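Residue numbers (the numbering used here), protein chains in the order written: chain A, 1 to 381; chain B, 382 to 784. Where is the CB? At the ideal position from N, CA and C, for every residue including glycine. The structure presented is a predicted model; accordingly, all values stated were derived computationally and were not measured. These notes concern the structure reproduced below.
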Ligand SMILES: Nc1ncnc2c1ncn2[C@@H]1O[C@H](COP(=O)(O)OP(=O)(O)OP(=O)(O)O)[C@@H](O)[C@H]1O
Ligand SMILES: Nc1ncnc2c1ncn2[C@@H]1O[C@H](COP(=O)(O)OP(=O)(O)OP(=O)(O)O)[C@@H](O)[C@H]1O
Ligand code: SF4
Ligand code: SF4
Ligand SMILES: [Mg+2]
Ligand SMILES: [Mg+2]
């Protein structure tokens, strides 16, 4: 049976068939979310004062579906995932929000309970895979650390399981390689080891932070297919953090685009590419270096704001090619320019329709009514 | 046949114009001994780099792509002098630097700087960004005009970081921000050659573009040469003048960027190019989760080795570099070999046809040389020839046009 048909069977077994809204703000979804993050805010204490690295992030992860989180470096993708896992460093704290796993808000639990719940049901592949592996222990030992500690596996069983796991992620010669040390593995191999170790506990939800960044494209394709296969078999929810918009297009069902600690756009994968509703998404799509093109790369001017010095109004306004006066003073609320779509832009409908916002169109509209999702103008003709 | 340029010009046998090449690598080998069990006999070796020759010209960029574990980082580490080669030569400005003294190596490290693959482990967590970026000045006892602090500030500005953050420590930056710190540090001494190992893979696209454009500006301004290792073929295409493709410690194809991308000759390069994920959700790598009418990439998943959704799918696992395949190192996964008429002819003559993977015998027995194939219609002067290491590359370049 091919992975694809397995996947369909798994999906039908759940009696699903409709598409779902990506954002948690549309909470009454027909499909119960495995993991639901609502209005999450995370702060760090730094020498420059308290900075907010994540500010009001919401998303939901459903069984058998893949949510891709993309965004600028430093936009809070990793930090928000660490908050979900209960693994924030001591200098950080969750300022508000909830993280619901099978009905329980993990953030109301003690840190220890939080981690214990995650250990069984949510696993994470960390971005810094190379640093996460301990150089003094064999790969096999590290792969089964959790299994031995939590499930009390014997040494022999653990060794056998380690070989299985390495096989699962297609590390050649697994039997011999479990006895080797991390430095003997290439970057790509180590990344696969990290995926294997995340899968050791059969999680319901896997958060993979840049899991294929170190891999070449042929192996990346293998690993992504492998993840999809495992996901289908277990009806696992997958959160894929990546900056590769090619990968997102190839594997995601839903997309959350982050900027400066916030979700700026959320939608099913197809419309994100065909009709982006946020200028940042639009600019990102334009700056992809393509294997078909040469020459100067189009870039988004400037740099992302530091969380310590967030600009007033829309955090993207200093770099936005559609910015108007209102953008410099008013934080854009979440607009819903179409069914299942969210864009945090004053001109979401215009952008989605491929129109430039009128010079001062936003000023009066938004000043009068905050519940109006976008400025005047219907996205449909 | 009119011969405009000799095959393999500027690569292996021919010496380039004197003064043109800033870096030359000759038949470089790096093996890591594997000590087996209690006996601690080094019976085998990881053949991480297994006979690589290349030339890097002044002011140009050579892109190095290839399979994970194919030896790109190892090659990079040997080039910057972090590791010593098992055999072969590295020449910087015509001078052999492989057998240098410690002082000589220090000079080499000034001329050849490295930007590392991994921003997490390459920065000392106990040093502030100011110390990290300024360290090369300290090591080499250099006092830049205007003072070290100002120079560091300029470098940070150059790579798109806020100079006011110079007192911060690496853990206070995101992964992408840390990578930029590494680039700033590598640029501190204005080296001749920058060896960049996946320098932008941790950055998101908008910042990638800035860094690549920045590297291009610096190259123009300072005449820098880059060896640019990356697995993102889009990024490589934008920055590289020439491209080399590695597989299992060897270069299997090399040539000017446009030729390698638009007229790839080696089946591995073709698989690589076809696997590049495209930012178009109608081209799915995996079927949509539970969606109606999931795309039919299952044929590809089954490993039919046919171009399809997500490109040419390579079968099997990458072979171990301890025991690389005989003949063509790619023969265990080559999608082309089983489709060749030679394979079928040999199958018919063989007495045992047992559903084995049949490929031309020459693929299993003879190492294909890295030479110009097909119409060796050499480009502009100074451009490297387009070479490929495949016995059947010619057929690929001109499909159907026999004899
Ligand atoms: N320990 C820390 N102390 C202070 N600030 C921090 C700390 N860790 C992260 N930050 C800040 O929080 C913000 C979000 O960082 P995060 O690592 O989540 O980014 P990211 O989206 O994962 O970026 P990348 O794509 O580069 O990995 C950044 O501005 C970063 O500087
Ligand atoms: N110190 C070492 N000892 C033993 N083997 C090593 C060592 N360093 C690297 N290797 C092996 O050499 C081979 C080449 O590794 P290298 O890191 O150069 O690959 P790479 O092309 O950079 O891969 P990636 O794209 O995954 O970074 C791999 O098989 C790796 O396991
Ligand atoms: S709100 Fe204004 S500045 Fe922000 S993204 Fe929309 S148009 Fe640009
Ligand atoms: S020599 Fe044979 S096995 Fe090697 S790439 Fe060419 S066709 Fe494939
Ligand atoms: Mg991150
Ligand atoms: Mg590497």
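Here residue 611 (chain B) has 579, 617 as same chain residues with Cβ atoms under 6 Å from its own Cβ, once five neighbours each way along the sequence are excluded. For chain B, the residues of the region 230–262 of chain A that bring a beta carbon within less than 7 Å of one of its beta carbons are 243, 244, 245, 246, 247, 249, 250, 251, 253, in chain order.
Listed in chain order, the positions of the region 648–659 of chain B with a beta carbon within less than 8 Å of a beta carbon of chain A are 652, 653, 654, 656, 657, 658, 659.
Within the region 521–557 of chain B, there are no complete beta strand (DSSP E) runs of at least 3 residues.
The DSSP-derived three-state label of residue 86 (chain A) is coil. It is roughly 58 Å from the alpha-carbon of residue 405 (chain B) to the alpha-carbon of residue 338 (chain A). In the structure shown, residue 411 (chain B) falls within a strand segment according to DSSP collapsed to helix, strand and coil. In chain order, 739 place their CB closer than 8 Å to the CB of residue 725 (chain B), counting only its own chain and leaving out the 5 sequence neighbours on each side.
Under DSSP, residue 470 (chain B) shares a beta bridge with B:407. Distance from residue 596 (chain B) to residue 565 (chain B) at the Cβ level is roughly 12 Å; contact not present, criterion being Cβ atoms closer than 8 Å.
Here the region 599–611 of chain B does not lie against the region 278–297 of chain A, with fewer than 3 beta-carbon pairs under 8 Å apart.
Rounded to the nearest angstrom, the gap between the Cα atoms of residue 206 (chain A) and residue 298 (chain A) is 34 Å. A Cβ of chain B is located within less than 8 Å of the beta carbon of residue 285 (chain A). Among the residues of chain A, those whose CB is under 7 Å from the CB of residue 642 (chain B) are 291, following chain order. Distance from the Cα of residue 252 (chain A) is smallest, within the candidate group A:48, A:64, A:43, for A:64.
Contact between the region 112–123 of chain A and the region 190–204 of chain A is present, with at least three C-beta pairs closer than 8 Å. Within chain B, no C-beta atom comes less than 9 Å from the C-beta of residue 195 (chain A); the nearest is roughly 13 Å away.
Straight-line measurement puts the Cα of residue 598 (chain B) at about 29 Å from the Cα of residue 508 (chain B). Close partners of residue 334 (chain A) in chain B (Cβ separation under 9 Å) are lacking, with about 22 Å as the shortest Cβ gap. In this structure, DSSP gives residue 773 (chain B) a state outside helix and strand, which the three-state scheme calls coil. Contact with chain B is found for residue 172 (chain A), since one of that chain's Cβ atoms lies less than 8 Å from the residue's Cβ. Linking residue 270 (chain A) to residue 642 (chain B) through their CA atoms gives a straight-line distance of about 28 Å. If you check the CB distance, residue 224 (chain A) and residue 667 (chain B) come in under 8 Å.
Shortest gap from the CB of residue 772 (chain B) to any heavy atom of ligand 4: under 7 Å. Checking the 7 Å criterion, the Cβ of residue 613 (chain B) is out of range of every heavy atom belonging to ligand 6.
DSSP places residue 343 (chain A) within a strand segment (E or B) once states are collapsed to three. Residue 450 (chain B) has its Cβ nearer than 7 Å to a heavy atom of ligand 2. In its chain, beyond the 5 residues on either side, 494, 496, 567, 605, 607 have a beta carbon closer than 7 Å to the beta carbon of residue 575 (chain B).
DSSP places residue 517 (chain B) in the helix class (H, G or I) of the three-state scheme.
With a threshold of 7 Å, the Cβ atom of residue 477 (chain B) does not count as near ligand 5, since no heavy atom of the ligand is closer than that.
Relative to ligand 1, even the nearest heavy atom lies 7 Å or more away from the CB of residue 541 (chain B).
Contact with chain A is found for residue 593 (chain B), since one of that chain's Cβ atoms lies less than 8 Å from the residue's Cβ.
In this chain, residue 181 (chain A) is not harboured by any beta strand (DSSP E), its DSSP state being neither H nor E. With respect to chain A, the C-beta atom of residue 618 (chain B) has a partner C-beta closer than 8 Å. Residue range 155–168 is occupied by the alpha helix (DSSP H) that includes residue 158 (chain A). In the structure shown, residue 661 (chain B) falls within a coil segment according to DSSP collapsed to helix, strand and coil.
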